[in-house]
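A short worksheet on the structure shown next.
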Amino acid sequence: MKKKQANKDNGVSEKEELFLDTTLRPSKWEDYIGQNMVKKNLQILLTAAKERNHPPEHILFYGPPGLGKTTLAHLIAKEIKAQMKVTSGPAIEKIGDLASILTNLSPGDILFIDEIHRLNKTIEEVLYPAMESGSLDIIIGKGPSARTIQLELPPFTLIGATTRIAMISSPLRSRFSGGIFKLEFYTNDEIQKIITRSAKILGIDLEKSAGQEISKRSRFTPRTANYFLKRCRDYAQVHKTEMTKNSVAEALKLLGIDEQGLTPADRDILHTIINKFGGGPVGLNTLAAAISEEQATIEEFNEPYLLQLGFLDRTPRGRTVTASGYEHLGLTPKTLL
């Protein structure tokens, strides 16, 4: 009952409780914490477009997952009071799918394509003239009787988001004339502010030390921080306790998250390199096979954080565990488990 009343007092309805990620997403620029250089550039771009009474030019956001690419797209739509149509690269399977989306846009609309690097190359080629000249070329028929119909599209803004910018072809990248913006990892102070804001929205009475405990384990990522906050809230609710530093530490321990934010999978990578390969170097293929994990998962999720912490080195010969990595596990380079 108290939880429902707290949520009601903070403007969070029961329906919104089911979609907490959306509820916690900032709806105003001043609520969006971090990425200051990106925000400044976007505000100049949007202000200039408003003064010209023209939709903003096409924009591409890239960076690791959970840093706020989708949130920025929503904020841009609210800033220019435009409708936003949302889709993703894998969802656009045929040229007809893209044509249907583009021809249903209204003047000034925003088309947001998440994971845009997964667009089919044939579909990319249809997108070029749509982005550059506002026209859509459709081929009807096959063989000698085939003909091309050119459809004029209303002025629109394409916002793309990707975690793997290298997989986007150069011709497509060059058409994001509004700018290509990289989202950086957050600082602990920024994560702390995000957690404090989220706790207020959810009606959680969070001790400052508890927020700091979540912050330092959140992998510098807002999405991870909010996930930990919600799981710690669940733990405190079930165990009828306050959200203190100790209860948060216990909740995260149950999730297998250690003091540095390493997951069981992260620690498994370090232990495997040390125990099976003498601390390295070991190739990605071999490492993935040894721990029964996808190479892409190791490369895109586990490795970046381990490299950031200085627990892992990536050399031409393979991956090696650093002295800091050994120390975190309570080992020395000459010690085996």
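The opening position of the sequence shown corresponds to residue 3 in this note's numbering, with each subsequent residue numbered one higher.
For glycine and all other residues, C-beta sits at the position ideal for the given N, C-alpha and C.
Quick caveat, the model's predicted, so the values are computed rather than measured.
Here Pro57 has Ala51, Gly110, Pro157, Phe158, Thr159 as same chain residues with Cβ atoms under 7 Å from its own Cβ, once five neighbours each way along the sequence are excluded. The stretch 111 to 185 contains, as complete beta strand (DSSP E) runs of 3+ residues, the segments 112 to 116, 137 to 142, 149 to 154, 159 to 164, 181 to 184 (chain order). Under a 10 Å Cβ-count criterion, Pro173 is classified as exposed, with fewer than 16 other Cβ atoms of the shown protein chains found around its own Cβ. By the neighbour-count definition (other C-beta atoms within 10 Å, threshold 16), Ser135 is an exposed residue.
For Glu301, the closest C-alpha among the options Ala267, Ile216, Gly280, Lys278 is that of Ala267. If you check the CB distance, Ser211 and Lys247 come in under 8 Å. From the listed residues Ala93, Pro146, Asn106, the smallest Cα separation to Arg120 is found for Ala93. Shown here for Gly258: same chain residues with a beta carbon closer than 7 Å to its own, the five before and five after excluded, namely Thr265, Pro266 in chain order. Taking every protein chain shown into account, the CB of Gly162 has 16 or more other CB atoms within 10 angstroms, so this residue is buried. Per DSSP, Ile61 is not a residue of any alpha helix (DSSP H); the beta strand (DSSP E) it occupies stretches across 61 to 64. Going by DSSP, Lys87 is part of the beta strand (DSSP E) stretching over 86 to 90. Note that the stretch 181 to 194 touches the stretch 34 to 47; at least 3 beta-carbon pairs, one per stretch, sit closer than 8 Å. Of all alpha-carbon atoms in Ala101, Arg166, Val128, the one lying nearest the alpha-carbon of Thr299 is that of Arg166.
In this structure, Glu95 lies away from Leu48, with their beta-carbon atoms at least 8 Å apart. For Val40, the enclosing alpha helix (DSSP H) has its first and last residue at 38 to 53. Residue environment for His241: exposed (fewer than 16 other C-beta atoms within 10 angstroms of its C-beta). DSSP places Arg225 within a helical segment (H, G or I) once states are collapsed to three.
Per DSSP, Asp191 is one residue of the alpha helix (DSSP H) stretching across 190 to 204.
No Cβ-Cβ contact shorter than 8 Å links Leu272 with Leu208. The C-alpha of Gly68 is placed about 19 Å away from the C-alpha of Ala79. Asp315 has Thr322 as its beta-bridge partners, per DSSP. A direct Cα-Cα distance of roughly 16 Å separates Thr324 from Gly285. Beta-bridge analysis with DSSP links Val240 to no other residue. When only Cα atoms are considered, Asn43 and Ile276 end up about 45 Å apart. Rounded to the nearest whole angstrom, the C-alpha separation of Tyr237 and Ala253 is 6 Å. In the DSSP secondary-structure assignment, Val250 is not bridged to any residue. Across the structure, Gly312 and Arg319 are spaced so that their CA atoms are roughly 18 Å apart.
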